[in-house]
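Protein chains in written order, with the working numbering: chain L, 11 to 316; chain W, 823 to 1066. C-beta: ideal position from N, C-alpha, C; glycine also. It should be emphasised that the depicted structure is a prediction, and the values quoted were computed from it without experimental measurement.
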């Protein structure tokens, strides 16, 4: 029983990370039909901004922003990624505003490669150890459970971010504009909704979510390399597809589903199959998509009555 | 001479190789109700979308009170007092009725204007008031059309472009739609440019009529001059019935 609760906690924590990643990707997809592959590089950039650039490889990299008090680290890292996300929007995706979805996706691939190679140039290709918030990796003992503090923090922060994002989308002026634009961008513009502002807000939120993923996952992973964010974005993508393209609650639930599936497979697969855990996880994804091609929680297409 | 509220000069719009508008010119005076009649595929929707900034003109000019607006973004043209009620309503089905209306009011720099308009419209449209917190996709077709019109008014327009308001609605509902349009016109003194496929009903409501076919204006005239419908029919179908 204790073992099972432990597994559930692991699943919820991993699921939170994937859900946050999926939200960042799903938001841009909903509005722009943009599958932003560069989201992984937004996550990597957040992590790399913590260590000193242009240094030789050391067992544990010297912290730069990461040395600061957490109350300074969080806004600074968020600001860095938001600026990066807005710059990509301004210089790549805005000029391609009227391009088709495949063109947008190719563009996001190129952004992804450019950012990866920039990281390679500035920080080198070898994996770097990063000791961020060492205290959070400690475990607390409770009722026979060993709970790493970071898992509790991850789940709590994710919950807070999701509640704030949904309140923002539900009640604020910008939230209504963003939801309208996600449903029918052209009609929203006919009513005076400024395209650049809505898209800018969506990119900024996506950047904050990427920074959150990086800061929550880094204390657990401990090392980063130039492609560190890519798998996190990949799982985010899969979560968006599994959850139902274009549905933000679907993206969140998809993220948790994937986190749960991977954790359960990690625990309950026979040892000789464990190295192939992800193959089983993605096999499950294919089964889900064959059974429910529109995802687990498809957008309810309210019939347009004539 | 007073400049027309809306003037379209030699407007050309193409989708790739296909020409949708081939040199359309028309004018709408302030306070007029003008109707564009034409068969499916004549270019009516394209014309309204081009005026509202939703599709780019290849050639020609759109002037509002004498100022050229072609090439401006739709959100900029909305701020010049133009509001579009598009074909098929295009209401935001996942947003509530109130959210649909509030969205139309965001462009006012004074939030009080939007609040006042919202309350005023809820009185004009009691059926929308009753369903204020419903997702708009759950409304009936007629209610959706009313919502689309109300939402357009929320932007505080001087010129409302309405694309096939009777499409897919029962005749009784169409009468209600036109009654509402007449009431709005009486209350707010707006200019109306309406697309319709059929001219029978519109002759009662319009001051002037243009017949559009094949991306070109075939006929222009005052509604009372065209009242017997024969000239419209010939222009609409593109042949002389007597000689055919």
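Against chain W, the CB of residue 299/L has no partner CB under 7 Å away; the residue lies outside that interface. For the pair residue 16/L and residue 224/L, the Cα-to-Cα distance works out to about 23 Å. Here the alpha carbon of residue 178/L sits roughly 27 Å from the alpha carbon of residue 118/L. No Cβ of chain L is located within less than 7 Å of the beta carbon of residue 893/W. Beyond the five residues adjoining it in sequence on each side, residue 925/W comes within less than 8 Å, by CB distance, of 914, 917, 973, 976 in the same chain, given in chain order.
For residue 59/L, same chain residues with a beta-carbon under 7 Å away, outside a window of 5 residues either side, are 75, 87, 90 in chain order. In summary, residue 79/L is exposed, with fewer than 16 beta-carbon neighbours lying within 10 Å of its beta-carbon over all protein chains present.
For residue 909/W, the closest alpha carbon among the candidates 1018/W, 993/W, 985/W, 1029/W is that of 985/W. Separation of the CB atoms of residue 1037/W and residue 843/W is rounded to 5 Å, and the pair is thereby assigned contact status at 8 Å.
By the C-beta density criterion, residue 150/L is exposed, having fewer than 16 other C-beta atoms within 10 angstroms.
Residue-level contact check: residue 876/W touches chain L, since one or more beta carbons of chain L fall below 7 Å from its beta carbon. When the Cα atoms are used, residue 164/L and residue 220/L turn out to be separated by approximately 14 Å. At a cut-off of 7 Å between C-beta atoms, residue 926/W counts as an interface residue with respect to chain L. Using a 10 angstroms sphere on the CB of residue 856/W, the tally of other CB atoms reaches 16 or more, which defines it as buried.
Classified as buried, residue 238/L has 16 or more neighbouring CB atoms from the shown chains inside 10 Å of its CB. When C-beta atoms of the region 90 to 103 of chain L are compared with those of the region 257 to 277 of chain L, fewer than three pairs fall below 8 Å, so the two segments do not count as touching. Using a CB distance below 8 Å, the part of the region 168 to 201 of chain L facing chain W consists of 183, 186, 187, 189, 190, 193, 194, 196, 197, 198, 199, 200, 201, ordered along the chain. Counting along the chain, no alpha helix (DSSP H) covers residue 1016/W; the unbroken beta strand (DSSP E) around it starts and ends at 1013 to 1018. DSSP places residue 917/W in the coil class of the three-state scheme, outside both helix and strand. At a Cβ-Cβ threshold of 7 Å, residue 907/W and residue 1002/W do not count as neighbours. Taking 8 Å as the upper bound for CB-CB distance, residue 227/L and residue 126/L are not in contact here, some 18 Å apart. According to the DSSP secondary-structure assignment, residue 985/W is paired through a beta bridge with 1017/W.
With 16 or more other CB atoms across the displayed protein chains lying within 10 angstroms of its CB, residue 866/W is buried. Ranked by Cα distance from residue 40/L, the options 301/L, 291/L, 253/L, 285/L are led by 253/L. Taking the Cα positions, residue 864/W is about 36 Å away from residue 948/W. Around residue 295/L, the same chain offers 248, 252 as residues with beta carbons nearer than 7 Å, after the five sequence neighbours per side are excluded.
By the neighbour-count criterion, in which 16 or more other beta carbons inside 10 Å mark a residue as buried, residue 899/W falls on the buried side.
Per DSSP, residue 834/W is one residue of the beta strand (DSSP E) stretching across 828 to 837. Annotated as proximal: residue 876/W and residue 896/W, with beta-carbon spacing under 7 Å. Between the region 832 to 849 of chain W and the region 1005 to 1013 of chain W there are fewer than three C-beta pairs closer than 8 Å, too few to call the two in contact. Per DSSP, reduced to three states, the secondary structure at residue 953/W is coil, with no helix or strand assignment. Residue environment analysis places residue 14/L among the exposed positions, since fewer than 16 neighbouring C-beta atoms fall within 10 angstroms of its C-beta. When CB distances to chain L are screened at a threshold of 9 Å, not a single residue of the region 1007 to 1021 of chain W falls below it. Nearest to residue 830/W by alpha-carbon distance, out of 1007/W, 921/W, 851/W, is 851/W.
Among the CB atoms of chain W, none fall inside 7 Å of the CB of residue 284/L.
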